[in-house]
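Take a look at the structure set out below.
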Amino acid sequence: MSVKTDEKRTNGAVKKDSAFFAIFLCWIAYITAYVGRYSYSSNIISIQAAFSTDSATTGLVSTCFFFAYGAGQVINGILCKYYKKRYMVSLALVFSAAVNLIFFLGVPFSFMKYLWLINGISQSFLWSSFIYLLSKNLNEAQLSRANVLMSTTVPIGTFLAYGCSALFVRFDWRITFLVASIFMLFSAILWFFFFKGAFSF
Numbered sequence: 025m026s027v028k029t030d031e032k033r034t035n036g037a038v039k040k041d042s043a044f045f046a047i048f049l050c051w052i053a054y055i056t057a058y059v060g061r062y063s064y065s066s067n068i069i070s071i072q073a074a075f076s077t078d079s080a081t082t083g084l085v086s087t088c089f090f091f092a093y094g095a096g097q098v099i100n101g102i103l104c105k106y107y108k109k110r111y112m113v114s115l116a117l118v119f120s121a122a123v124n125l126i127f128f129l130g131v132p133f134s135f136m137k138y139l140w141l142i143n144g145i146s147q148s149f150l151w152s153s154f155i156y157l158l159s160k161n162l163n164e165a166q167l168s169r170a171n172v173l174m175s176t177t178v179p180i181g182t183f184l185a186y187g188c189s190a191l192f193v194r195f196d197w198r199i200t201f202l203v204a205s206i207f208m209l210f211s212a213i214l215w216f217f218f219f220k221g222a223f224s225f
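Numbering-wise, this note's numbering puts 178 at position 154 of the sequence shown, and it's gapless, one number per residue.
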């Protein structure tokens, strides 16, 4: 998905430092969100073994996430212009981090699908908010760079999630959820405290 310029926005130059930091905040937040999104699927075999479940049962948890995420994307794509992005993005990251932390601490398998549903809802606030903010705050040249950088978030985030899973599986597969939680909390703090320096609203 590409970042498009709002037709009503002027194409006046945006300060280079502010533009770079705006892109960076969205970039780092979405990478860490991907780690928190794939922390479950990257460990699904370990989870299946730990809880003695079959692939259909463990797959239901992922299905709940993507159902909530997909529906949330549609709704938030329409309503995101009305959100206070500083708070909503920070809260979305915090809620997703909290769900991952609960998974690390331990939770009965029967609760996982409900928690991962909450994770899907939380993460559905992010992409539309990033696109809206970038399109409103950057000029054409800066948006072109943003498109390139934001396109790297998926492979980097996915690599980190599966890399953590491969690294920690011999110790404790739950550590991946802890790492995801720490990453997203870090991004939430960055977003909340540096939002005003990066975006005009």
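A virtual CB, placed ideally from N, CA and C, is assigned to each residue, including glycine.
Neighbourhood of residue i by C-beta, 7 Å cutoff - its chain only, sequence neighbours within 5 removed
| i | result |
| --- | --- |
| Thr-82 | Ile-68, Ile-71 and Gln-72 |
| Arg-61 | Gln-147 |
| Ser-224 | Asn-161 |
| Met-136 | Val-85 |
| Asp-30 | Bear in mind that a pLDDT of 42 at Asp-30, under 50, signals an unreliable position, so the model cannot answer this. |
| Tyr-107 | Ser-153 |
| Ala-252 | Coverage of the chain is limited to positions 25 through 225, which leaves residue 252 absent and any answer about it impossible. |
| Val-178 | Tyr-58 |
Check whether residue i and residue j have beta carbons under 7 Å apart
| i | j | result |
| --- | --- | --- |
| Ile-52 | Ser-211 | yes |
| Phe-201 | Asn-124 | yes |
| Phe-218 | Arg-110 | no |
| Ser-189 | Ala-121 | no |
| Ile-102 | Ile-180 | no |
| Leu-141 | Cys-88 | yes |
| Ser-42 | Ala-222 | yes |
Start and end residues, alpha helix (DSSP H) containing residue i
| i | result |
| --- | --- |
| Tyr-3 | This structure gives no information on residue 3, because the portion of the chain shown stretches from 25 to 225. |
| Arg-110 | 109-129 |
| Trp-215 | 199-222 |
| Asn-171 | 164-174 |
| Ser-134 | 133-147 |
| Phe-195 | Run containing Phe-195: none; DSSP gives neither H nor E here. |
| Asn-161 | 150-161 |
| Ser-70 | 68-75 |
Contacts around residue i, its chain only, beta-carbon distance under 8 Å, and the 5 residues preceding and following it disregarded
| i | result |
| --- | --- |
| Thr-34 | Legend: pLDDT at Thr-34 = 39, less than 50; position of this residue unreliable, no value from coordinates given. |
| Tyr-186 | Tyr-62 and Ser-66 |
| Ile-47 | Leu-158, Leu-162, Gln-166, Arg-169, Ala-170, Leu-173 and Met-174 |
| Phe-90 | Gly-144 |
| Leu-214 | Leu-49, Ile-52 and Ala-53 |
| Leu-139 | Val-123, Ile-126, Phe-127 and Val-131 |
Same chain only: Cβ atoms within 6 Å of residue i, ignoring 5 sequence neighbours per side
| i | result |
| --- | --- |
| Leu-184 | Val-59 |
| Phe-75 | Phe-133 |
| Phe-216 | Ser-114 |
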